[in-house]
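Heads up: the sequence shown at position 152 corresponds to 152 in UniProt numbering, and the numbers run straight through without jumps. Glycine is no exception: its CB is placed at the ideal position from the N, C-alpha and C atoms.
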Amino acid sequence: MNHERFMRRAIEIARGNPDAPFGCVIADGETGEILAEGLNDAQKSPILHGETAAVMDLVEKRPDVDPAGLVLYTTAEPCPMCSGAILWSGIPRVVLGTRLETLKGLGFPHIDLSSTEVSARCSFGGFEVVHGVLQTECDALFEGLARRADGS
């Protein structure tokens, strides 16, 4: 699967909210079809992160989809809440751009628990994580936000 193609779409989605550039795409790993998308809209709801928005979009559009072949692409490492949503939805693969360490280093609010650790503690399965796909481009989204927040 061409991870970069789907991450580019997640980045495009993330640009829709420059104040919280967490964009997400859920794709069928076999057909390459994009099944759902999500963008952080925490202004509307504190739990409406890119990943939760995409999972809700998937459930609404494709309630009968078999999650076993799905891949979730996200511009930044999912928080523990989003990791839980991914686990409960049964999506077995997560591809991310910006790592938690980068978000922490930029001073973003966070819960210091990686998506890999959340997945490892799951009693009913877990998900595989691929790190660093288009990391430079994803990092630039968050670095730009940090600069604007600092007034630089």
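- Between Phe6 and His49, the gap from beta carbon to beta carbon reaches 7 Å or more.
- When the Cα atoms are used, Glu77 and His131 turn out to be separated by approximately 8 Å.
- For Glu51, the number of other beta carbons within 10 angstroms of its own is at least 16, and it is reported as buried.
- Ile26 sits in a strand when the DSSP states are folded into three classes.
- In this structure, Val133 sits away from Ser83, with a CB-CB distance that is not shorter than 7 Å.
- Within the stretch 11–62, the alpha helix (DSSP H) runs of at least 4 residues that lie entirely inside it are, in chain order, 50–61.
- Each of Val129, Leu141, Ala140 was checked against the Cα of Tyr73, and the nearest Cα belongs to Val129.
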